[in-house]
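One structure below.
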Amino acid sequence: MNLAKNLFTPIDLGAYRLPNRIVMAPLTRNRAAAGNVPTELNAIYYAQRASAGLLITEASQVAPQGLGYPATPGIHSPEQVAGWKLVTEAVHAKGGRIFLQLWHVGRISHPDLQPDGALPVAPSAIAPQGMASTYEGSKPFVTPRALDRSEIPGIVEQYRRGAKNALEAGFDGVEVHGANGYLLDQFLRDGSNQRTDDYGGSIENRARLMLEVTEAVVGVWGSNRVGIRLSPSGTFNDMRDSNPEATFGYVVEQLNRFNLAYLHLIDPSEADARHGGKAIPTAYFRSIYQGNLIVASDYDLAKGNEAIASGAADLVAYGRLFIANPDLVERFRLNAPLNTPDVNTFYGGDAKGYTDYPALSVQSVS
Ligand code: 8OZ
């Protein structure tokens, strides 16, 4: 008897029994309508990919202040909730399960994208290196405004409201976006957080907002329908930390107390190493975290199966491969050839490069 697990071994993930361990990674595609409202086209895109064990939506801002790119969807207005209902209904009609990713970009924004042209907010007034994406193209990041201590409960409230809206929109759960240099990650790491109050300084203080947000979201959804994504080795959006093993080791250890559906980690990458990041092997966190682990970062079929079989991870998230292959699960099952993703249509545009990647035809599966 072969007891080895692979991507096709069903798994209990929090409240759900998933038929496979192939997760669609959260992917920013910048195709929401005016008002940052999801559309029927978005519903088609997600429904095409519903055979994934779990779909995680593109990052979706919990408040207007959390917006950092053109045409990303929000989860703060009634119109957005109505738009997301199109998505959840289409995915459920195909038998899929979909979690919404809750997002606030913090300093990775620009006055052009902010209510009343205000400065973006952040833990500290430290500008990231690089360029913001605005409706008029790229513009240098500005120095953000440090949030006043009195505003922080309001940030937690924005996430709570986003979580409630996601429930109303018919999602199966939510993922807290704690990765990639956005607000919660900005609070966590000392390269972007130099606060002197109880949200800065010690690791416990820097982790406080992320853990309070997680608690608030769990209060809405229950722990078995909530996940969180972290990028411990990530340098994207000009991120750094003086002791990432200690910082992320603490957070991951604290997350054990919530008994979440999963922890979702982005593995260290060569790009991060080039940017001076310290690569922390995902195995380090595997030994700290007691629940289900999703890993992500350029896996293919063989590497994904290997990660599951070796016990390095419980599920594997695929990004680019899911962009180009709506039927990725079926292609993996058949070991069939894969379509190549077109980077020119990743961010923004219409159906081209979004819903027009072909599924396998019956003939080509001979
Ligand atoms: C690529 C472009 C814009 C946003 C992330 C939400 O990195 C993103 C993102 C990725 O998590």
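All residue numbers for the sequence shown refer to my numbering, where the first residue is 54 and numbers rise by one.
Ideal placement from N, C-alpha and C gives every residue a C-beta, glycine not left out.
Next item on the list: Give a single yes or no on whether residue 233 has its beta carbon closer than 6 angstroms to a heavy atom of ligand 1.
Entry: Indeed, a heavy atom of ligand 1 lies less than 6 angstroms from the Cβ.
Checklist line | Classification of residue 114 by the beta-carbon crowding that lies within 10 angstroms, buried from 16 upward | finding: Residue 114 comes out buried.
Check: In this structure, does DSSP put residue 114 in helix, strand or coil?
Finding: Residue 114 falls in the strand class under three-state DSSP.
Item checked: Candidates 196, 361, 319, 315: closest to residue 177 by CA position -> The residue with the shortest Cα to Cα distance from residue 177 is 196.
Check: In angstroms, rounded to a whole number, what distance separates the CA positions of residue 319 and residue 90?
Finding: Roughly 28 angstroms between the two C-alpha positions.
Notebook entry, point to check: Between which two residues does the beta strand (DSSP E) harbouring residue 349 extend?
Noted result: Residues 346-349.
Next item on the list: Whole angstroms is fine: what's the gap from residue 57's alpha carbon to residue 363's?
Entry: Rounded to whole angstroms, residue 57 to residue 363 spans 9 angstroms at the Cα level.
Check: So, are the CB atoms of residue 298 and residue 333 less than 7 angstroms apart?
Finding: Cβ atoms of residue 298 and residue 333: closer than 7 angstroms.
Next item on the list: Report all residues from its chain with a CB closer than 6 angstroms to the CB of residue 111; omit the five preceding and five following residues, and keep chain order.
Entry: Taking C-beta separations shorter than 6 angstroms and ignoring five residues to either side along the sequence, the partners of residue 111 in its chain run 79, 80, 81, 82, following chain order.
Check: Regarding residue 110 and ligand 1, is the C-beta to nearest heavy atom distance less than 6 angstroms?
Finding: With a threshold of 6 angstroms, the Cβ atom of residue 110 does not count as near ligand 1, since no heavy atom of the ligand is closer than that.
Notebook entry, point to check: Should residue 81 be listed as close to ligand 1, given that the test is whether its C-beta is under 6 angstroms from any heavy atom?
Noted result: Correct: residue 81 has its Cβ closer than 6 angstroms to ligand 1.
Item checked: Rounded Cβ spacing between residue 222 and residue 278 (contact assumed at less than 8 angstroms) -> About 14 angstroms separates the two Cβ atoms, so there is no contact after all.
Next item on the list: Give the secondary structure of residue 77 by DSSP, where H, G and I count as helix, E and B as strand, and everything else as coil.
Entry: In this structure, residue 77 counts as strand in the three-state DSSP scheme.
Item checked: Three CB pairs or more closer than 8 angstroms across the stretch 143-163 and the stretch 227-243 -> Yes, the stretch 143-163 touches the stretch 227-243.
Margin query: Going by DSSP in three states, residue 154 sits in which element: helix, strand or coil?
Written below: Here residue 154 sits in strand by DSSP.
Check: Relative to ligand 3, is the shortest distance from any of its heavy atoms to the C-beta of residue 333 smaller than 6 angstroms?
Finding: As far as ligands go, the structure on display features ligand 1 and does not contain ligand 3.
Check: Quick one, which of 373, 155, 402 has its alpha-carbon nearest residue 351's?
Finding: Taking each of 373, 155, 402 in turn and checking the Cα distance to residue 351, the smallest one comes out for 373.
Next item on the list: May I ask which residues mark the beginning and end of the alpha helix (DSSP H) holding residue 201?
Entry: Here residue 201 belongs to no alpha helix (DSSP H), and DSSP marks it neither H nor E.
Notebook entry, point to check: On the premise that residue 165 lies in contact with residue 188, defined as a C-beta separation below 8 angstroms, what is that separation, rounded to the nearest angstrom?
Noted result: The Cβ separation is near 6 angstroms, so the contact holds.
Item checked: Residue interval of the alpha helix (DSSP H) (run including residue 131) -> Under the DSSP assignment, residue 131 falls in the alpha helix (DSSP H) whose first and last residues are 131-146.
Checklist line | residue 356: first and last residue of the uninterrupted alpha helix (DSSP H) it sits in | finding: Start and end: 354-362.
Next item on the list: Report buried or exposed for residue 255, applying the criterion of at least 16 other Cβ atoms within 10 angstroms of its Cβ.
Entry: Exposed, because fewer than 16 other Cβ atoms sit within 10 Å of the Cβ of residue 255.
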